[in-house]
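S.K.: Just passing along the structure, written as structure tokens.
Numbering (full-length UniProt numbering), first residue to last: 1 to 167.
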């Protein structure tokens with residue numbers, strides 16, 4: 001009693017992931033096409049099922065009942081791709097952790113500013129440092145990442161999943 005499952009058609013997966021923020025909601029995605037990347041993101045965000053829009057009512061009912069029993073339902077054809085995507089994301093988080101561990105907290109902060117497209121002067125103003133100190137931190141970041149340019153450092157950081165500073 002009291003448990004509900006919702007089936008939602010997902011037209012724009014990045015925006016529709018907000019559906020998952022509702023506590024206690026068990027979401028089954030009604031998908032127009034099978035896409036392992038989208039399925040992996042939505043499952044990681046909390047969706048419990050994935051059903052093709054052209055599935056039979058019996059299939060949808062089976063998945064909804066399973067989700068109400070806290071089961072996760074995914075078409076077998078999507079399973080390998082979803083596992084590959086989720087493993088890749090986990091490895092990316094591992095890269096981020098290794099990268100973050102190699103930098104001092106201030107160097108990581110400077111790198112996150114670089115990711116946001118901020119130049120030396122803007123970084124200095126934001127972090128209340130002198131431009132010379134920022135330059136030193138930037139050089140340290142480049143050296144620790146084994147790259148020779150800000151652009152290369154930003155590319156490495158993006159691949160590792162380092163988030164840019166806000167605003």
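By construction, the Cβ of each residue, glycine as well, lies at the ideal position given by its N, Cα and C atoms. Quick caveat: nothing in here was measured; it's all calculated off a predicted structure.
Could you tell me which residues DSSP puts in a beta bridge with residue 49?
M.R.: Bridge partners of residue 49: 28 and 73.
S.K.: Got a sec, what are the start and stop residues for the alpha helix (DSSP H) residue 66 sits in?
M.R.: That run of the alpha helix (DSSP H) goes 57 to 68.
S.K.: Check whether the Cβ of residue 139 lies closer than 8 Å to any Cβ atom in chain D.
M.R.: Looking at the structure shown, chain D is missing, and only one protein chain is on hand.
S.K.: Closest to residue 133 by C-alpha separation, out of 147, 148 and 109, would be which residue?
M.R.: Residue 109 is the option with its Cα nearest to residue 133.
S.K.: If you count every other CB in all the chains shown that lies within 10 Å of the CB of residue 143, and 16 or more means buried, which is it?
M.R.: Burial call: exposed.
S.K.: Taking a contact to mean a Cβ-Cβ separation below 8 Å, would you say residue 82 touches residue 47 in this structure?
M.R.: For residue 82 and residue 47, no; Cβs fall outside 8 Å.
S.K.: Inspect the beta-carbon positions of residue 145 and residue 156 and report whether they are closer than 8 Å.
M.R.: Yes; because the gap between Cβ atoms is below 8 Å, this pair is in contact.
S.K.: With distances taken between CB atoms, is the gap from residue 53 to residue 30 smaller than 8 Å?
M.R.: Yes, the Cβ-Cβ distance between residue 53 and residue 30 is below 8 Å.
S.K.: Would you kindly report the start and end of the unbroken alpha helix (DSSP H) that includes residue 131?
M.R.: Its alpha helix (DSSP H) spans residues 131 to 145.
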